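Below is one structure, written out as structure tokens; the observations come after it.
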Amino acid sequence: MFWILAAWVGGFFRHFKIATPEDADDNLLHWTLILLIVGVPVGLPFVTTTTLAVGAAYLAEEKAIVQKLTAIESLAGVDVLCSDKTGTLTANKLSVREPFVCAGVDVNWMFAVAAIASFHNVKNLDPIDKITIRTLRRYPKAREILSKDWVTEKYTPFDPVSKRITTVCTCDGVRYTCAKGAPRAVLKLADCSAEEGELFKNKAKEFALRGFRSLGVAVQRGNEPWKILGIYPMFDPPREDTAQTITEAQNLCLSVKMLTGDAIAIAKETCKMLALGTKVYNSERLIQGGLAGSRQHDLVEKADGFAKVFPEHKYQVVEMLQNRGHLTAMTRDGVNDAPSLKKSDCGIAVEGATEAAQAAADIVFLAPGLSTIVEAIKVARRIFQRMKAYIQYRIALCLHLEIYLVTSMLIINETIRSELIVFIALFADLATIAVAYDNAHFEQRPVEWQLPKIWIISVVLGVLLAAATWIMRGTMFLENGGIIENWGSPQPILFLEVSLTENWLIFVTRGGKTWLSWQLVGAILGVDIIATLFCVFGWLSGGPFEQTSPPDPAHFSDGTTSIVTVVVIWGYSVGVTIVIATVYYLMTKITWLDNLGRTPRSKTEERMDSILGRLSKLAIEQEPGSDSGTTRFVLSTRTVDVEADE
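Using full-length UniProt numbering, the first residue of the sequence shown is number 1, and each one after it goes up by one.
Right under this line is the structure:
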């Protein structure tokens, strides 16, 4: 709009009409049309969408199915990854180690009870129940016990509140209630002595310190008291590539935080194996404990992970990280994880995730492990680099033509024909669609749209391109015609020079860290050949040209251009591109410019943090009113029973 206004003001001083004469180039509406064609990047949404769509195909090769194209941009900018433990950091291949059996208890009887307290549909067993059933191969007598006439009366699946599975069944007329679950939850069922209880707790703690997930087993015969049978530990080894992948993620300035439902001791031991850091905290103590406000947010930001997490804790951790300005990705697989996946900037459903988790996620991974996610982040950053290169290129292209066309209108009362301007715009967009297939590099830090930096670089490049076009046009005022070696005309010569320098600008903005792809080179070369044919044969050049104000001393042809002149234009355009590439390289080496527009991710707002921390500790309670049959709702402090660390 600025350049259109400038053209109209200059046109009024030259006494140009608004719409007449209709067939001439020197009326204001004709100038406005030309500047609108140049200034409105109609192909920008098409090119960027194509780049994202092709990028989604690249991510599919990495076993990552993109459900929202905008998720690619979010994944490229992620700087915190909240990862689950089982299946992502570990191999999800459980194995049962040497169990602890209480005094006077047969280990075969303990495993038989554990098998009874498992899901009875063998085709849909979860990993824990599956390994429990498979362990019976090592205990033949336990299989003999199970071969008796057992009849199940009631099965209660695991839930986060009771933390155990319970099965009521009968055998030989005797009623048994079998339970399996977290050691503390099982211990609460039995009325055992203090010594037995302490020994049971110590064994559970010992297994946890060794990185084992342990399950307690108890049984009730008839109406007799519950009896603790023992604990059997399970080990889920870390994936072979996880430690190396975490190091690679840290090199990409990506902070990995582990969120697991296991005890703190297990989480810390796993972190040690993965060289992840051992600043792991109890999620209940963090979210509902004594911390509040800024201290609460600081702990979430600096933590390496959280143990004993529930879905509400995952949501709150993501929310606190986002309040601090971090772009957060969350990897989960359960039905209850849908809210946290929706809340995160990039929700990732890992391999084997439920349909609910997949529906809530932005990206669904079909391969296990953290390495797949890190590779996908690299691909996303490459896609972002392609889009940024095109945006810089497109802004510089618009500024190039806006500056040159308006100044040429005002100074020499000349412009490039609107028909040729249309083809310049078409060539620019059609050729750069191939940037979606370019061999882009990826940044070593999370990316973001640094708009001040993009504008400064694009403006400098646009000004240089406009100056180069003016230099070439200025030579035609020399006695010998300047750049016109044999014969030619300004219209096709300007068209070819603008087309070549603008098409080659994408080679500059993409950077020189990777080799050009053959698709991009082929597309640019194709439109360059077509532009050269336009120049040679004078297509759409308007026929004979005569410059009147100021007059040209050289005589121009009827629109065709000699091969010698075309070669000179190509050589001149190569020189302009080299100069522009040098300036672009020097600008990228300026430290303050490289960081311009990059906002710090951690934003500490103590007052807001304190308000949010206080609100998280409030609950709405329903109380009976003074009048019969009425109720009222009041705000009160939420009370939470925080267990000791295990």
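Just so you know, even glycine gets a beta-carbon here, dropped at the ideal spot from N, CA and C. Only a predicted model underlies this, so the values are computations on that prediction, with no experimental measurement involved.
Among the options, nearest to residue i - alpha-carbon criterion
{"i": "Q67", "options": "W226, R134 and A359", "result": "A359"}
{"i": "T135", "options": "N124, D149, D159 and W109", "result": "W109"}
{"i": "S74", "options": "F13, T166, F212 and C346", "result": "C346"}
{"i": "Q519", "options": "I433, L533 and L540", "result": "I433"}
{"i": "S602", "options": "K85, L35, S255 and R138", "result": "S255"}
{"i": "G43", "options": "S458, D429, E621 and R632", "result": "D429"}
{"i": "V186", "options": "I383, Y404, W470 and K227", "result": "K227"}
{"i": "residue 656", "options": "A353, E355, E402 and I348", "result": "Residue numbering for the chain in the displayed model covers 1 to 646; residue 656 lies beyond these limits and cannot be assessed."}
{"i": "R381", "options": "E448, I395 and R417", "result": "E448"}
{"i": "R221", "options": "D262, G197 and D172", "result": "D172"}
{"i": "G261", "options": "L405, P237, T86 and T177", "result": "T86"}
{"i": "S344", "options": "E351, A357 and C192", "result": "A357"}
{"i": "V217", "options": "F200, E224 and R210", "result": "F200"}
{"i": "F442", "options": "I264, E144 and F384", "result": "F384"}
Straight-line Cα distance separating residue j from residue i
{"i": "P600", "j": "A468", "result": "38 Å"}
{"i": "V105", "j": "L229", "result": "6 Å"}
{"i": "A6", "j": "A389", "result": "29 Å"}
{"i": "N439", "j": "W515", "result": "6 Å"}
{"i": "L525", "j": "Q444", "result": "32 Å"}
{"i": "L461", "j": "K453", "result": "12 Å"}
{"i": "R394", "j": "G474", "result": "25 Å"}
{"i": "S83", "j": "T331", "result": "5 Å"}
{"i": "T50", "j": "A436", "result": "7 Å"}
{"i": "A91", "j": "G369", "result": "8 Å"}
{"i": "P183", "j": "A208", "result": "11 Å"}
{"i": "A243", "j": "L276", "result": "8 Å"}
{"i": "V47", "j": "M387", "result": "8 Å"}
{"i": "V273", "j": "R213", "result": "With the sequence shown as reference, residue 273 is identified as Met, and Val is not the correct amino acid for it. Distance between the alpha carbons of M273 and R213: 15 Å."}
{"i": "I421", "j": "F495", "result": "8 Å"}
{"i": "Y176", "j": "S147", "result": "16 Å"}
{"i": "S118", "j": "R137", "result": "16 Å"}
{"i": "V9", "j": "L36", "result": "16 Å"}
{"i": "N124", "j": "G597", "result": "52 Å"}
{"i": "D236", "j": "T577", "result": "57 Å"}
{"i": "K314", "j": "H30", "result": "59 Å"}
Endpoints, beta strand (DSSP E) assigned at residue i
{"i": "M330", "result": "T328 to R332"}
{"i": "W150", "result": "W150 to T156"}
{"i": "D178", "result": "According to the sequence shown, residue 178 is Cys rather than Asp. Start and end: V174 to G181."}
{"i": "C171", "result": "R164 to C171"}
{"i": "S83", "result": "V80 to D84"}
{"i": "F534", "result": "That residue, F534, is in no beta strand (DSSP E); its alpha helix (DSSP H) goes W518 to F537."}
{"i": "V256", "result": "S255 to L259"}
{"i": "V280", "result": "V280 to N282"}
{"i": "A7", "result": "It is not in any beta strand (DSSP E) - A7 instead sits in the alpha helix (DSSP H) that spans F2 to F13."}
{"i": "I231", "result": "K227 to F235"}
Exposure of residue i, with buried meaning 16 or more beta-carbon neighbours within 10 Å
{"i": "I411", "result": "exposed"}
{"i": "M1", "result": "exposed"}
{"i": "T561", "result": "buried"}
{"i": "T70", "result": "exposed"}
{"i": "E62", "result": "buried"}
{"i": "P45", "result": "exposed"}
{"i": "T588", "result": "exposed"}
{"i": "F537", "result": "exposed"}
{"i": "D126", "result": "exposed"}
{"i": "T509", "result": "buried"}
{"i": "G571", "result": "exposed"}
{"i": "P157", "result": "exposed"}
Enclosing alpha helix (DSSP H) for residue i [first to last residue]
{"i": "Q67", "result": "Element bounds for Q67: n/a, residue is neither H nor E."}
{"i": "M320", "result": "P311 to N323"}
{"i": "K201", "result": "A194 to L209"}
{"i": "K342", "result": "A338 to K343"}
{"i": "A103", "result": "Element bounds for A103: n/a, residue is neither H nor E."}
{"i": "M472", "result": "L451 to T475"}
{"i": "A218", "result": "Note, A218: premise wrong, no alpha helix (DSSP H); beta strand (DSSP E) at R213 to R221."}
7 Å CB neighbourhood of residue i in its chain, flanking five on each side removed
{"i": "T152", "result": "H120, T167 and C169"}
{"i": "A367", "result": "K63 and E351"}
Residue i Cβ short of 7 Å to the ligand MN heavy atom set
{"i": "T245", "result": "Of ligands this structure carries none, so the ligand MN is not represented either."}
Cutoff 6 Å; reference residue i; Cβ partners in own chain excluding five residues on either side
{"i": "L59", "result": "V66, A376 and V379"}
{"i": "G11", "result": "L28"}
{"i": "A523", "result": "A431 and A434"}
{"i": "G77", "result": "L327, P446, V447 and E448"}
Cβ-based neighbour list, residue i, same chain, cut-off 8 Å, excluding 5 preceding and 5 following
{"i": "T354", "result": "D333, G334 and V335"}
{"i": "T20", "result": "N27"}
{"i": "W150", "result": "I116, C169, T170 and C171"}
{"i": "T372", "result": "E62, K63, A64 and F365"}
8 Å Cβ cutoff, residue i in contact with chain D
{"i": "N92", "result": "No chain D appears in this structure, which consists of one protein chain only."}
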